[in-house]
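Beneath this line is the structure, given in structure tokens, with notes to follow.
There are 2 protein chains.
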Amino acid sequence: MIETPYLLFLGDAPDMLAAKVAIGIRDWRPENAIGQISLPNCGADLGLTEMTLEEGLEAGAKTLVVGVANRGGVISEAWKEVLLKALELGYDIASGLHNLLSDEGDLVAASLMHGRTLHDVRIPSVQYPIATGIPRSGKRCLAVGTDCSAGKMYTAMAMDAEMQKRGLKSTFRATGQTGILITGSGVPLDAVIADFMAGAVEYLTPDNDEDHWDFIEGQGSLFHVSYSGVTMALVHGGQPDALILCHEPTRTHMRGLPGFKLPSLQELRDVALTLAKVSNPNVVVAGISINTQHLSDEEATAYCAKVEEEMGLPTVDPYRHGAGRLVDALAAI
Amino acid sequence: MIETPYLLFLGDAPDMLAAKVAIGIRDWRPENAIGQISLPNCGADLGLTEMTLEEGLEAGAKTLVVGVANRGGVISEAWKEVLLKALELGYDIASGLHNLLSDEGDLVAASLMHGRTLHDVRIPSVQYPIATGIPRSGKRCLAVGTDCSAGKMYTAMAMDAEMQKRGLKSTFRATGQTGILITGSGVPLDAVIADFMAGAVEYLTPDNDEDHWDFIEGQGSLFHVSYSGVTMALVHGGQPDALILCHEPTRTHMRGLPGFKLPSLQELRDVALTLAKVSNPNVVVAGISINTQHLSDEEATAYCAKVEEEMGLPTVDPYRHGAGRLVDALAAI
Chain Y
56 MIETPYLLFL GDAPDMLAAK VAIGIRDWRP ENAIGQISLP NCGADLGLTE
106 MTLEEGLEAG AKTLVVGVAN RGGVISEAWK EVLLKALELG YDIASGLHNL
156 LSDEGDLVAA SLMHGRTLHD VRIPSVQYPI ATGIPRSGKR CLAVGTDCSA
206 GKMYTAMAMD AEMQKRGLKS TFRATGQTGI LITGSGVPLD AVIADFMAGA
256 VEYLTPDNDE DHWDFIEGQG SLFHVSYSGV TMALVHGGQP DALILCHEPT
306 RTHMRGLPGF KLPSLQELRD VALTLAKVSN PNVVVAGISI NTQHLSDEEA
356 TAYCAKVEEE MGLPTVDPYR HGAGRLVDAL AAI
Chain R
56 MIETPYLLFL GDAPDMLAAK VAIGIRDWRP ENAIGQISLP NCGADLGLTE
106 MTLEEGLEAG AKTLVVGVAN RGGVISEAWK EVLLKALELG YDIASGLHNL
156 LSDEGDLVAA SLMHGRTLHD VRIPSVQYPI ATGIPRSGKR CLAVGTDCSA
206 GKMYTAMAMD AEMQKRGLKS TFRATGQTGI LITGSGVPLD AVIADFMAGA
256 VEYLTPDNDE DHWDFIEGQG SLFHVSYSGV TMALVHGGQP DALILCHEPT
306 RTHMRGLPGF KLPSLQELRD VALTLAKVSN PNVVVAGISI NTQHLSDEEA
356 TAYCAKVEEE MGLPTVDPYR HGAGRLVDAL AAI
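Listed in order, the protein sequences are those of chains Y and R.
Last residue of the first sequence: 388 (this note's numbering), numbering continuous.
Last residue of the second sequence: 388 (this note's numbering), numbering continuous.
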């Protein structure tokens, strides 16, 4: 668990795109985002109060979160200055960078000297068990995609937020570094040793109240040859009661795989449901989430209506239309 | 690559069951098995010449292979004495034990002092790439099972041996520690980081002659909730041209999962074929391998005939009937 709330470090982010993690925290856990701190040449602005490290502490921040991708894959000297001072002042630091905090001798030394914690959320901090498949109490919902980066995290986040708004019991369960930084905990599934993947997902989604829903962040796609094993572990380890199919309709090929066409929603439904039934015979496909960011409002509405007709399932873009109808669909499960 | 031939260390194996790795080497790569070396109270005997370390060296052995599971999960003092002397005399050591050779300070020190190599085949020694899915030349055959430990390695080994006997081009590609020790190389897939599993399988089975077959050692099962992610990576990373379905007909539940029934061969065929077509649209199910070790000769023959009739595919137990008909089935692909 990463201690909240956070001060969000934007560094010298060239633009908003590089600040994806910080944006996610601001949008999904605004109560965790006390303020932002930037270097002079920063091109990103979250619209939060710009603070010094000292001001962040006074406002209650416990952890400085690196909310930005670093350039060149290394933690620069300019960043180091801020990070070292943060440790000295009493912050923990959390990061999802490939360049691990714990690989930087000066940061490790400073964290030990000042009794602070470095959280590298990209690597597992737990020895996960082998999955047992034993049925768990409570309900679980997993988003599965026709492709990677089709909106699975957004869908799970939006459904969790809608449940909270309605006063229902739910938890977003992060399986990637962005989700872990947003919520403060989770499993970095793509970095787990193969034999323990499904066990890590079971660990992440333990027994719960019968009327509680876990919204498990999906990863990869059963149809993406690079990462399908990770998706498979989510389908079996997650023991989902409900699947949400996610799709981005303007893709011409699978992400990063120019020779590979996307499967149809029907193909995704059939394969995902067959496999999910192995761990939970009662699983159903509850709805469909379309990422319509590259469509106009009219196109988006028409596309969702067409899919809804073809598939016989509530179909929305949670970003445009809200996640209400997807959450409605869970009520019957 | 582990240097061959081997002297097989049987230690104080309580019985033959504990010497599974050594038996595999003797049976599948007899040319690699120069002799055996046992401690006084050893209950296993491979029928190879019992040798001292010095005699093994004279006979040409390059590597001392730990061919036995250790008791209590630790490398005992009695074993250490032999292993240290082996390094001193000029052997490399190879092991698939959980207790790594490289975690033993005295073994590491001795290997450095004498310029020898410690091979812990249970952990990856390579930084594998992310899978690309790019079509590869040559042919690949993957055994997939209704369950774990259904005879997938045996099937691949037997098909490879049959190909060699016929003077055809083929390679067994090991994906587990036993297979790696038998053949001297491979990928310990269950120990690979999730994101790189499919890439490791691509790395293991590169472009080859068009008439060359890779027989890829299967792992887990698409229907085994603990390990299905590993199997998925084999199906997509392996880009198989042919699948062999493996089944052990007397199992009452999935191995290690008392609540889980085995899928039917039809279910396995349908799911495996659908998923395998993602990476290779031309893949076919070529045959069926039945592990009949718990059936009589008559029962085995009758069972295989029944499955062959139902599934319309050549069905044999390669151990009883040979792998000839399975290899025949590849000729048309």
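No residue lacks a Cβ here, since even glycine has one placed at the ideal position from N, Cα and C.
Looking only at its own chain, which residues have a Cβ that is under 6 Å from the Cβ of R/A165, when we skip the five neighbours before and after it? L139 and L142
Taking C-beta to C-beta, are R/L277 and R/R228 nearer than 8 Å? no
Here's a check: name, in chain order, each residue in its chain whose Cβ is nearer than 6 Å to the Cβ of R/D262, leaving out the five neighbours to either side. R191 and S192
Just the C-alpha distance for Y/F251 and R/Y282, rounded to the nearest angstrom, thanks. 8 Å
Please determine if the segment 77-90 of chain Y and the segment 228-241 of chain Y are in contact, where contact requires at least 3 C-beta pairs separated by less than 8 Å. yes
If we cut at 8 Å on Cβ distances, does Y/H291 have a partner in chain R? yes
Quick one: does R/S240 have its CB under 8 Å from some CB of chain Y? no
Going by DSSP, what residues sit across from Y/I345 in a beta bridge? Y/H302
What number of angstroms, rounded off, separates the C-alpha of R/V302 from the C-alpha of R/G127? The amino acid at residue 302 of chain R is misidentified as Val; the sequence shows His. Distance between the alpha carbons of R/H302 and R/G127: 32 Å.
Comparing alpha-carbon positions, which option in R/W134, R/M168 and R/D158 lies nearest R/G145? R/M168
Would you call the segment 263-272 of chain Y in contact with the segment 307-316 of chain Y, where contact means no fewer than 3 C-beta pairs closer than 8 Å? no
Three-state secondary structure (DSSP) at R/M106? coil
R/S225 in three-state terms, based on DSSP: strand
Cβ-Cβ distance between Y/P304 and Y/Y374 below 8 Å: no
For chain Y, is any of its Cβ atoms less than 8 Å away from the one on R/L300? no
My guess is that Y/D202 and Y/R171 are in contact by the Cβ rule of under 8 Å, so how many angstroms apart are they, rounded? 40 Å between Cβ atoms; not a contact.
Taking the beta strand (DSSP E) that Y/C389 belongs to, which residues open and close that run? Beyond the ends of chain Y as shown, which are 56 and 388, falls residue 389 of chain Y; an answer cannot be given.
Beta-ladder partner(s) of Y/L119, from DSSP: Y/L62 and Y/I148
Taking C-alpha atoms, which residue in R/L298, R/H279, R/I89 and R/V163 lies nearest to R/A327? R/L298
Three-way DSSP call (helix, strand, coil) for Y/K316 in this model: coil
What number of angstroms, rounded off, separates the C-alpha of R/G292 from the C-alpha of Y/M106? 48 Å
Could you pull the start and end residues of the beta strand (DSSP E) that R/G200 belongs to? K194 to G200
Indicate whether Y/L108 and Y/I92 have their beta-carbon atoms separated by less than 8 Å. yes
At a CB-CB cut-off below 7 Å, which residues of chain R make contact with Y/I185? S281
My guess is that R/G284 and R/A186 are in contact by the Cβ rule of under 8 Å, so how many angstroms apart are they, rounded? Actually they are not in contact, since the Cβ atoms of R/G284 and R/A186 sit about 14 Å apart, beyond 8 Å.
Which bits of chain Y does R/G314 rub up against, with CB to CB less than 8 Å? G188, I189 and P190
Does the distance from the CB of R/T59 to the CB of R/K117 come in under 8 Å? yes
For R/V176, the nearest candidate out of R/R380, R/R310, R/C196 and R/S157 (CA to CA): R/S157
Taking the alpha-carbon of Y/G151 as reference, which of Y/D245, Y/R380, Y/K220 and Y/E353 has the nearest alpha-carbon? Y/D245
When you compare the CB of R/D250 with every CB in chain Y, is at least one pair closer than 8 Å? yes
Going straight from the alpha carbon of Y/I388 to that of Y/V256, what length do you get? 21 Å
Could you please give the first and the last residue of the uninterrupted beta strand (DSSP E) stretch that includes R/G90? A88 to S93
Using DSSP's beta-bridge definition, name the partner residues of Y/A297. Y/C196 and Y/V339
Where do the ends of the alpha helix (DSSP H) carrying Y/I80 lie? K75 to W83
Could you list the residues in the segment 320-346 of chain Y with a C-beta less than 9 Å from some C-beta on chain R, going in chain order? E322, D325, V326, T329, L330, V333 and S334
I want to see whether chain R comes within less than 8 Å of Y/D269, judged by CB atoms only; does it? no
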